[in-house]
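A.B. asks:
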Amino acid sequence: MIERVGAVVPEPFSSDPFLSDPIVSEPISSAASGAGPVVVPPPTPDEAGSRRGTMDAGLLILRLAVGGTLLADGLQKLVGWWDGPGLAGYRDELADAGFDHAGALAVAGALGEVAGGALLILGLFTPVAAAGVLAVMINAWCIQQSTVPGLAYFEPEGIEYETLIGAAAAAIILIGPGRIALDGRRRWATRPHAGSVAILIVGIAAGVGVWFALNGANPVI
Numbered sequence: 001m002i003e004r005v006g007a008v009v010p011e012p013f014s015s016d017p018f019l020s021d022p023i024v025s026e027p028i029s030s031a032a033s034g035a036g037p038v039v040v041p042p043p044t045p046d047e048a049g050s051r052r053g054t055m056d057a058g059l060l061i062l063r064l065a066v067g068g069t070l071l072a073d074g075l076q077k078l079v080g081w082w083d084g085p086g087l088a089g090y091r092d093e094l095a096d097a098g099f100d101h102a103g104a105l106a107v108a109g110a111l112g113e114v115a116g117g118a119l120l121i122l123g124l125f126t127p128v129a130a131a132g133v134l135a136v137m138i139n140a141w142c143i144q145q146s147t148v149p150g151l152a153y154f155e156p157e158g159i160e161y162e163t164l165i166g167a168a169a170a171a172i173i174l175i176g177p178g179r180i181a182l183d184g185r186r187r188w189a190t191r192p193h194a195g196s197v198a199i200l201i202v203g204i205a206a207g208v209g210v211w212f213a214l215n216g217a218n219p220v221i
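Residue numbers (the numbering used here): 1 to 221.
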C-alpha cells in the first residue's frame, strides 16, 4: 500500500518482495498549493499614518481657519474687540430678532463661539466643539435670513458666511480633527464612524430647537 497525504493507495503489483513495504510521501503544503487563505498582517502605526498623506495637515488648516474665525467673532460679541457690538449690543440684536431671554442667550452664544473656536484650534473635544459651533451658526443663519424677504445668499445681507462656517463645522464632525490635534491619539479622531453622525444630528437638533423654542419665527418667509 502507498500512503499519500493521509490516504492509503493500493501498491502496484510487483514481483520483487523487497518492494512490498509502503512508501510514505511528504504531505503537500496548503500554502504551496495555493488552497489556503493568505493572512495579511495589520499595518503598523507608521504605515497607517503614511497612508493618510497630507490629510492631517489639511484638517489642521481647516480647524485653524474655522476656529480662528469663530474665536475672533465671539470676542467681538463678548468684549467688543475689533469694533464688535459687545455683550449689550449682541443682546439687543437678539432681542430685535425676536428671541426670548435675549440676555442669557447672548452670553451663551458669545461664549459658545469663543470656546468652540478655541477648542477647534487646539483639536480638543473636537466633535462637541464643532457641534456647538454648528448650533450657533444655525441660529445665526436664521437671524440673517429673517432680516430680508425671500432667500438671500450673498453678503452683506445674505447667509453666505453662516452657511460656509456651518458646513465646515459639520465636515469637521464627520471627518475628525486629524492627528495634529490634542485629540489626535483617539481612534475617532482619524476614523470617525456612527458616533460622529450622532453628534452631527445632536448639533443640528440643538440649533433648530433653540430657534423654535426661543424665537419661533419662520426664517425663510
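Quick reminder that beta carbons are idealized off the backbone N, C-alpha and C, glycines included.
All figures in this text were calculated on a predicted structure; none of them were measured in a lab.
Identify, in the order they occur along the chain, each residue of the same chain with its Cβ nearer than 6 Å to the Cβ of A152, setting aside the five sequence neighbours on each side.
C.D. replies: Looking up residue 152 in the sequence shown gives position 152. In its chain, beyond the 5 residues on either side, G158 have a beta carbon closer than 6 Å to the beta carbon of A152.
A.B. asks: So, does the segment 74-87 touch the segment 50-66, judging by three or more C-beta pairs under 8 Å?
C.D. replies: Here the segment 74-87 does not lie against the segment 50-66, with fewer than 3 beta-carbon pairs under 8 Å apart.
A.B. asks: Would you tell me roughly how many angstroms separate the C-alpha atoms of V220 and T147, rounded to the nearest one?
C.D. replies: For this step, residue 220 is matched to residue 220 along the sequence shown. For this step, residue 147 is matched to residue 147 along the sequence shown. Here the C-alpha atom of V220 lies approximately 10 Å from the C-alpha atom of T147.
A.B. asks: Hey, out of C142, D73 and Q145, whose CA is closest to V114's CA?
C.D. replies: By 1-based counting over the sequence shown, the position of residue 114 is 114. Among C142, D73 and Q145, the Cα nearest to that of V114 belongs to D73.
A.B. asks: Could you pull the start and end residues of the alpha helix (DSSP H) that F125 belongs to?
C.D. replies: Position 125 of the sequence shown, counting from 1, holds the residue named residue 125. Neither: F125 is in no alpha helix (DSSP H) and is coded neither H nor E.
A.B. asks: Reducing DSSP to helix, strand and coil, say where T69 ends up.
C.D. replies: The sequence position of residue 69 within the sequence shown is 69, counting from 1. In this structure, T69 counts as helix in the three-state DSSP scheme.
A.B. asks: Using 8 Å as the cut-off, can you tell me whether the segment 123-137 makes contact with the segment 156-172, which would need three or more C-beta pairs spanning the two stretches below that distance?
C.D. replies: yes
A.B. asks: Relative to the C-alpha of Y161, which residue among I175, N139 and G178 is closest?
C.D. replies: Taking the first residue of the sequence shown as 1, we reach residue 161 at position 161. Considering only alpha carbons, the answer is N139.
A.B. asks: At the level of alpha carbons, what is the spacing between A84 and R51?
C.D. replies: Numbered from 1 along the sequence shown, position 84 holds the residue referred to as residue 84. Numbered from 1 along the sequence shown, position 51 holds the residue referred to as residue 51. Going by the sequence as given, residue 84 is Gly instead of Ala. In a straight line, the C-alpha of G84 is about 44 Å away from that of R51.
A.B. asks: When the Cα of I172 is compared with those of L182, P156, A189 and A95, which residue comes out closest?
C.D. replies: Numbered from its first residue, the sequence shown carries residue 172 at position 172. The option with the nearest alpha carbon to I172 is A189.
A.B. asks: Would you report the Cα separation of E3 and T54, rounded to the nearest angstrom?
C.D. replies: Sequence index remark: in the sequence shown, residue 3 carries index 3 (1-based). Sequence index remark: in the sequence shown, residue 54 carries index 54 (1-based). Only weak support is given to the placement of E3: the predicted model assigns it a pLDDT of 49, under 50, and the value that follows is read from those uncertain coordinates. Whole-angstrom Cα-Cα distance: 59 Å.
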